[in-house]
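Note that this note's numbering numbers the sequence shown so that position 389 is 389, with each residue one more than the last.
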Amino acid sequence: MIKNRTTLKPTFKDAIPQIIASCIIHCIVIQGGINMAYSTVLNNGLQKAEGKLRISKDQESWIASLVTISLPIGSLLTGPLMDKFGRKSICLLTCIPASISWILILLSNSISTIYAGRVIAGASAGLSTVGLVYVSEITHPQLRAMLLCLNSVFVSLGILITCCLAVWLRWDTMAAVFLVLNCCVFLALFIVPESPYWLMCFSNGMLNENSTGRAEKSLKWLNRREIIYEQEYARIKEISSTRVMNAESSKTLLQSINLFYKELMLPTVYKPMCILFFLLLLQQLSGAYVVIFYAISVFKEIGGTFGAGLDAYGALVMLGVIRFIMSILTAYFSKRYGRRVLCISSGLGMTFSMFFSAMYMYLTSSCDENGTVKQTMANQKWLLLVIVLFYVCTSSLGFVVIPWTLIGELLPISVRGTGSGLMVSLAYIMMFGVIKSYPYAIEGMGGQGIFFFFSFTSLLGTSFVYFFLPETLGRTFTEIEQYFTTNRKTRSC
C-alpha cells in the first residue's frame with residue numbers, strides 16, 4: 001500500500017521547499033567541516049607562535065583530536081534531546097556551543113583555553129547529528145538520497161572556506177569570521193518548519209489536535225502540491241498509528257534506555273546498527289579524515305613543495321576545492337546510481353591511490369638510501385601530490401559521505417534519535433583514536449607504511465560494502481525495515 005503511494009515522483013518545483021529546508025538545516029554542519037580543516041591551520045600557526053601559545057608534538061595531536069573526543073558527548077545527548085524537544089529546536093541549540101568555542105579560541109592566551117574551545121566545538125558538532133535525522137524525515141523517498149548527501153556538501157564547504165581563508169588570514173582572525181558565520185546560520189534556522197514525523201510521532205501525545213495541526217502545516221510547507229501532501233500525510237499517519245512513540249518522550253531516562261535495549265534485540269535495529277558500525281570503523285581506518293585533519297603535515301610529508309610555486313598551503317586549497325566539487329557530484333550520483341555503486345567505486349579508487357602512493361614513497365626512499373636517481377625522484381613530487389589528491393577525490397565520492405547519510409536511512413524511526421546519536425558517538429570515538437595516534441604512527445611506520453595500511457583498510461571496506469550493504473535508493477522507511485526482517489540473499493532492498 002505504501003509502495004503504491006511512492007510511485008508519484010515529485011517535480012523540481014515540488015522539491016524546492018524540501019531543498020531549501022535541507023540546505024538551511026545542513027548549514028549547521030559547516031562548522032563540522034571548519035573544525036576538521038581548522039585543526040591543521042591552528043596547529044601550523046601555533047608551531048610558529050611565541051611564548052605560551054607555542055606547541056609541542058603532543059599538544060599538536062591533542063588540538064587535532066580533542067574536537068573528536070567530545071563529539072560523542074553531543075551525539076549521545078542529541079538522541080533523547082531531539083525526541084523530547086524536536087528536531088528543529090536542537091538544530092538551534094547546536095549553534096550556541098559552537099559560538100562559545102570560537103569566542104574562547106579568539107580570546108585565548110593559553111593552550112588550555114584553546115583545548116577548552118576545541119572540546120566545546122566537538123560537543124556542538126556532535127549535536128549536529130540531528131540534521132541528518134531532520135532531512136531524512138522531511139524529504140520525499142525519491143529525493144532523500146540526494147538531499148542527505150548535501151550533508152557532506154556542506155561539510156566540504158566548511159573545509160573549503162577554511163582552506164581558502166588560511167591563505168590570507170591568521171588563525172585568530174579566522175575564528176572571528178567563523179563566529180559571525182555561525183550567528184548567521186542560527187538566524188536562518190528560524191525559516192524552516194519542524195519535522196512532521198516528530199510532530200505526529202513524538203510531540204505531546206499521539207495525534208492530538210495541536211500536534212496534528214502543526215504537522216499538517218509543516219507538511220504543507222514542505223509539499224506544496226496537494227496530491228503529494230496527501231500521500232506524505234497518509235504515510236506518516238500510518239507509521240504513527242502503529243508505534244507509540246510519543247509515550248517514550250515522557251518516560252524517565254532509565255525507562256528510555258531499557259526500551260532502547262529491548263528494541264536493540266529486533267533485527268530491524270541490530271542488523272543495520274552492525275552494518276553501520278563496521279562501515280564507520282573501516283571509514284576511519286581508511287585514513288580519509290587523517291588527510292583532512294593533518295593536511296598540511298601530510299603535504300609536507302610527501303614533499304612540501306611541488307613546483308611552479310605550489311606549496312603545502314596551495315595544495316590545501318586544492319584539497320578543499322576537490323572535496324567540495326566531489327561532494328556535489330556525490331549528491332547527484334547518489335540519486336542516480338545509489339549507495340552501493342558509489343561506495344564500491346570510491347573504495348577501489350582509495351585502495352589503488354594509497355597503494356601507488358605507498359609504492360612511490362617506498363621506491364623513492366630506497367633510491368635515496370642507495371644514492372641513485374635521487375634528483376629524478378625529487379623532481380617528480382608533483383606526481384605524488386596528484387595521487388594523494390586523487391585519493392581525496394575518490395574518498396569524497398562515497399566512503400567519506402555515504403556512511404553518515406545511511407544513519408538517517410537504515411535505522412527505524414523507533415530508535416532513530418537514540419540510535420543515530422549512538423552510532424555517531426562510536427564513529428567519533430574511533431576517529432579520535434585514529435587522529436590522536438597519527439603523529440606517532442607516522443613516526444613509527446613512515447609515510448609509506450601508513451599509506452600501505454590505508455590501502456589495505458580501503459580494500460576491506462570495499463569488500464564489506466559489496467557483501468553486506470543493502471541498496472536504499474528510492475525505498476521508503478517501511479521497505480527498508482522489511483528488508484531486515486526477512487532472510488534475503490539479495491543486497492538490494
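We put the beta carbon where it would ideally sit given N, CA and C, even for glycine. In this text, all values refer to a predicted model and were calculated from it rather than measured experimentally.
Task: Reference A175, options G461, L106, S437, closest by Cα - done: It is L106.
Task: Beta-carbon separation (whole angstroms), V192 vs I24, contact threshold 8 Å - done: By a beta-carbon distance limit of 8 Å, V192 contacts I24. Their separation comes to about 5 Å.
Task: Whether S420 touches V133 by CB criterion (7 Å) - done: Yes, they are a contact pair.
Open item on the list: For the pair the stretch 382-393 and the stretch 232-240, tell me if three or more CB-CB distances fall below 8 Å.
Closed with: Per the Cβ contact rule, the stretch 382-393 is not in contact with the stretch 232-240 (fewer than 3 Cβ pairs under 8 Å).
Task: The alpha helix (DSSP H) enclosing D58, as first and last residue numbers - done: Residues 57-69.
TODO: Identify, in the order they occur along the chain, each residue of the same chain with its Cβ nearer than 7 Å to the Cβ of I480, setting aside the five sequence neighbours on each side.
DONE: The residues are E409, L410, T472, C493.
- [ ] Express the C-alpha separation of I292 and L165 in angstroms, rounding to a whole number.
- [x] If I take the Cα positions, the gap works out to 15 Å.
Task: Of the listed residues Y38, M354, V401, I296, nearest to I387 (C-alpha basis) - done: Taking only the C-alpha atoms, the option nearest I387 is M354.
Task: Beta carbon of E137 nearer than 7 Å to that of S218 - done: Going by C-beta atoms, E137 is not nearer than 7 Å to S218.
- [ ] Below 8 Å on the Cβ atoms is my guess for L342 versus T330; work out the distance and round it to an integer in Å.
- [x] Between L342 and T330 a beta carbon distance of about 6 Å is seen, short of the 8 Å cut, so the two are scored as contacting.
Task: Spatial distance of L389 from R214 (CA atoms) - done: Distance between the alpha carbons of L389 and R214: 47 Å.
TODO: Give me the Cα-Cα distance between V373 and F456, rounded to the nearest whole angstrom.
DONE: With a pLDDT of 42 at V373, under the threshold of 50, the modelled position of this residue cannot be trusted; read the value that follows with caution. Going by the C-alpha atoms only, they are around 29 Å apart.
TODO: Under 6 Å Cβ to Cβ from V400, same chain only, skipping five residues before and after it: list those, please.
DONE: The beta carbon of V400 sits closer than 6 Å to those of A288, all from its chain and outside the five residues before and after it, given in chain order.
Task: Start-to-end residues for the alpha helix (DSSP H) that takes in M265 - done: Per DSSP, M265 is not a residue of any alpha helix (DSSP H), being assigned neither H nor E.
Task: Local conformation of E507 per DSSP, three classes - done: Past the boundaries of the shown model lies residue 507; the chain is included only from 1 to 493, so the question cannot be answered.
Task: CA-to-CA distance, M273 to P17, given in whole angstroms - done: When only Cα atoms are considered, P17 and M273 end up about 31 Å apart.
- [ ] Determine contact between the stretch 428-438 and the stretch 175-184, defined as no fewer than three beta-carbon pairs at a distance below 8 Å.
- [x] Touching, no.
Open item on the list: Do G79 and T418 have their beta-carbon atoms positioned less than 7 Å apart in this structure?
Closed with: In this structure, T418 sits near G79, with a CB-CB distance shorter than 7 Å.
Task: Inter-stretch contact (C-beta, 8 Å, three-pair minimum) for the stretch 31-40 and the stretch 153-167 - done: Taking one beta carbon from each stretch, the stretch 31-40 and the stretch 153-167 have 3 or more pairs nearer than 8 Å; the two touch.
Task: Classification of W171 by the beta-carbon crowding that lies within 10 angstroms, buried from 16 upward - done: Residue burial is scored here from C-beta neighbours: W171 has at least 16 other C-beta atoms within 10 angstroms and is therefore classed as buried.
Open item on the list: A15 and L143 - do their beta-carbons sit closer together than 7 Å?
Closed with: Yes, these two residues count as a Cβ contact at 7 Å.
Open item on the list: Considering only the alpha carbon of each residue, which of I275, E232, L385, S128 lies closest to A295?
Closed with: Closest by alpha carbon: L385.
Task: Rounded C-alpha distance that separates L92 from F186 - done: When rounded, the distance between both Cα atoms is 6 Å.
Open item on the list: Looking at S152: is its Cβ nearer than 7 Å to the Cβ of A121?
Closed with: No; because the gap between Cβ atoms is not below 7 Å, this pair is not in contact.
Task: N223 classed as buried or exposed, judged by whether at least 16 other C-beta atoms fall within 10 angstroms - done: Only buried fits N223, as 16 or more other CB atoms lie within 10 angstroms of its CB.
Open item on the list: Am I right that M430 and L264 are in contact with their C-beta atoms under 8 Å? What's the rounded C-beta distance?
Closed with: Going by Cβ atoms, the distance from M430 to L264 rounds to 20 Å, so no, they are not a contact pair.
Open item on the list: Rounded to whole angstroms, what is the Cα-Cα separation between A188 and A441?
Closed with: Near 42 Å, if we compare the C-alpha coordinates of A441 and A188.
Task: Nearest-angstrom Cα separation, counted from I322 out to C163 - done: A straight line joining the alpha-carbon of C163 with that of I322 spans about 11 Å.
Open item on the list: My output table needs one value for F202: the three-state DSSP class, helix, strand or coil.
Closed with: Here F202 sits in coil by DSSP.
Open item on the list: For N246 and P72, what's the separation of their Cα atoms in angstroms?
Closed with: Low confidence applies here, because N246 scores a pLDDT of 45, under 50, leaving its location unreliable; read the following figure in that light. Rounded to whole angstroms, the separation of the alpha carbons of P72 and N246 is 25 Å.
Task: Same chain, Cβ closer than 7 Å to I402, five either side skipped, listed in chain order - done: Counting only Cβ-Cβ distances below 7 Å, and skipping sequence neighbours, we find R339, L342, C343.
TODO: Return helix, strand or coil for N151, following the three-state DSSP convention.
DONE: Looking at N151 - three-state DSSP - the assignment turns out to be helix.
Open item on the list: On the criterion of 16 or more Cβ atoms from any shown chain inside 10 Å, does L276 qualify as buried, or is it exposed?
Closed with: The residue in question, L276, is buried, as its Cβ has 16 or more Cβ neighbours within 10 Å.
Open item on the list: By the three-class DSSP mapping on this structure, what secondary structure does Y115 have?
Closed with: It is helical.
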